[in-house]
Amino acid sequence: MKKLIILTTICFAVITTVAQEQADIEVSYNYKHFHRTGKEQNHQMILLANAVSSKFFNPETEYVDSLEYTPDGKEIYNQMKMAAFTSGNMKSVPQRRVPMYIFKSKERGETDVYDGINVMMFRFTEPYGIQNWEISDSTKNILGYECTMATCDWRGRHWTAWFSPEIPIQDGPWKLSGLPGLILEASENSGQHVFSATGVQMTPRQITPVLNENNYEKTDRMTMLKVLRKFEDNPEAGLSTALGIGITVKDGIKFDKTLDFLETDYR
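First residue of the sequence shown: 31, per our numbering; consecutive thereafter.
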């Protein structure tokens with residue numbers, strides 16, 4: 031019954047082709063990736079999508095952005111940080127752990143990207159890119175949906191995705207899209223980046239724009255990736271430059287330089 035409701039509602043939205051900024055579906059993903067030290071990290075990501083547009087983001091990041099958007103919110107956030115510092119539990123403070131927003135628009139034929147790290151935030155617009163997928167005969171069940179495997183090579187990585195034709199939204203996590211069904215799982219062959227759906231539901235939520243857009247420096251994709259690569263390779267120098275102060279990294283911290291971004295074609 032749940033699948034039937036989702037299928038019926040989405041098909042109606044496609045048939046009417048009414049452009050709107052209200053999502054039809056909300057998908058939760060676990061994003062497994064690795065810190066530069068090699069430590070595995072898992073973070074929740076959300077995809078809000080309709081037939082023509084979508085927004086992919088980390089809800090904790092958006093929560094922090096919403097707090098910092100108003101003076102009252104900033105005061106609340108400062109109180110939260112002070113309380114956490116007093117209790118010695120700074121990990122309890124919400125942070126921009128995955129400061130990424132991806133907005134796809136089929137109507138405009140563009141993808142808007144907001145990304146970076148807390149001291150260096152960037153934004154750029156690029157053409158809406160559909161990967162050149164090869165669909166196989168392999169199938170498996172994810173969250174009760176029958177999924178089909180597809181593979182592609184895109185921007186330096188080989189991706190394997192599992193999509194469900196039962197959910198006729200041609201979208202997925204991050205920038206991945208273009209398959210005849212929603213992508214519920216995607217991983218690149220090194221295992222450094224894995225997106226796994228943990229929940230799918232209908233939603234009345236709006237696809238809202240990013241807050242504090244002026245905090246992001248306008249650039250292009252290649253420039254952003256190269257700047258962030260320099261920071262990852264030498265975070266001490268990167269922080270010193272960004273903050274204008276001397277930073278000393280504790281001895282003994284080792285960085286795994288085999289780890290890389292979702293896109294590696296900047297090298």
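Think of the CB as a built atom: it goes at the ideal place given N, C-alpha and C, for glycine as much as any other residue.
Considering only the alpha carbon of each residue, which of E137, L241, W163 and N148 lies closest to P157? Locating residue 157 in the sequence shown gives position 127, where the first residue counts as 1. Taking only the C-alpha atoms, the option nearest P157 is E137.
For G139, which residues from the same chain have a beta carbon less than 6 Å from its beta carbon, with the 5 sequence-adjacent residues on both sides left out? Translated into positions along the sequence shown, residue 139 becomes position 109. Around G139: Y158.
Q236 (DSSP reduced to helix, strand or coil): In the sequence shown, counting from the first residue as 1, residue 236 sits at position 206. Here Q236 sits in strand by DSSP.
Let's see if you can read the secondary structure: which residues bound the alpha helix (DSSP H) around K104? Position 74 of the sequence shown, counted from the start, is the residue given in the question as residue 104. Start and end: P101 to S117.
Let me confirm a value: I45 is counted as buried when at least 16 other C-beta atoms fall within 10 Å, else exposed. Which label applies? Translated into the one-based positions of the sequence shown, residue 45 becomes position 15. Here the model assigns I45 a pLDDT of 32, short of 50, so the residue's position is not dependable and the matter cannot be decided.
Within this structure, are the beta carbons of M110 and V128 separated by less than 8 Å? The residue labelled residue 110 in the question sits at position 80 within the sequence shown. The residue labelled residue 128 in the question sits at position 98 within the sequence shown. The beta carbons of M110 and V128 sit no closer together than 8 Å.
Any chance the region 138-153 sits against the region 211-224, with 3 or more Cβ pairs inside 8 Å? Two segments are said to touch when three or more pairs of C-beta atoms, one from each, lie closer than 8 Å; by this definition the region 138-153 does not touch the region 211-224.
D95 burial status per 10 Å Cβ neighbour count (16 or more: buried): Along the sequence shown, one-based indexing puts residue 95 at 65. The residue in question, D95, is buried, as its Cβ has 16 or more Cβ neighbours within 10 Å.
Sheet register partners of S168 (DSSP bridge): Numbered from 1 along the sequence shown, position 138 holds the residue referred to as residue 168. Beta-bridge pairing links S168 to no other residue.
Helix, strand or coil: which one does DSSP assign to N72? As a working mapping, residue 72 is identified with position 42 in the sequence shown. Secondary structure at N72: strand, using DSSP grouped into helix, strand and coil.
Do L78 and T228 have their C-beta atoms within less than 8 Å of each other? Your numbering for residue 78 matches position 48 in the sequence shown. Your numbering for residue 228 matches position 198 in the sequence shown. If you check the CB distance, L78 and T228 do not come in under 8 Å.
With M130 and N88 assumed to form a contact (beta carbons below 8 Å), what rounded beta-carbon distance in angstroms separates them? Within the sequence shown, residue 130 is the residue found at index 100, counting from 1. Within the sequence shown, residue 88 is the residue found at index 58, counting from 1. With a beta-carbon spacing of about 6 Å, M130 and N88 fall inside the 8 Å limit used to define contacts.
Continuous beta strand (DSSP E) stretch holding K62: start and end: As a working mapping, residue 62 is identified with position 32 in the sequence shown. K62 -> beta strand (DSSP E) spans I55 to F64.
If I'm right that N60 touches S226 with Cβ under 8 Å, what's the distance once you round it to whole angstroms? Here residue 60 corresponds to residue number 30 of the sequence shown, with the count starting at 1. Here residue 226 corresponds to residue number 196 of the sequence shown, with the count starting at 1. With 8 Å as the limit, N60 and S226 qualify as a contact, their Cβ atoms being about 5 Å apart.
C-beta contact flag for F86 and P203 at 8 Å: Sequence index remark: in the sequence shown, residue 86 carries index 56 (1-based). Sequence index remark: in the sequence shown, residue 203 carries index 173 (1-based). In terms of Cβ geometry, F86 and P203 form a close pair [threshold 8 Å].
Would you call N80 buried or exposed, if buried means 16 or more other Cβ atoms sit within 10 Å of its Cβ? Translated into positions along the sequence shown, residue 80 becomes position 50. Classification of N80: buried, given that the 10 Å Cβ count is 16 or more.
Suppose the cutoff is 8 Å on Cβ atoms and the five residues either side in sequence are ignored; what does the same chain contact list for F64 look like? For the purposes of this step, residue 64 is taken as residue 34 along the sequence shown, with counting starting at 1. Answer for F64: E70, Q71, Q222, D286 and L289, listed in chain order.
Whole-angstrom distance between T116 and P198, CA atom to CA atom: Indexing the sequence shown from 1 puts residue 198 at position 168. Indexing the sequence shown from 1 puts residue 116 at position 86. Spanning the two alpha carbons is a distance of roughly 50 Å.
Hey, could you find the ends of the alpha helix (DSSP H) P198 is sitting in? Indexing the sequence shown from 1 puts residue 198 at position 168. Premise fails: P198 is in no alpha helix (DSSP H) and is neither H nor E.
Pick from G174, L97 and I55: whose alpha carbon is nearest that of W192? Against the sequence shown, residue 192 aligns to sequence position 162. Here the closest residue by C-alpha is G174.
How should I132 be labelled, buried or exposed, when 16 other C-beta atoms within 10 angstroms of its C-beta is the threshold for buried? For the purposes of this step, residue 132 is taken as the residue at position 102 of the sequence shown. Buried: at least 16 other Cβ atoms inside 10 Å.
Rounded to a whole number of angstroms, what is the C-alpha to C-alpha distance between D295 and L212? Within the sequence shown, the letter at position 265 stands for residue 295. Within the sequence shown, the letter at position 182 stands for residue 212. Rounded to whole angstroms, D295 to L212 spans 26 Å at the Cα level.
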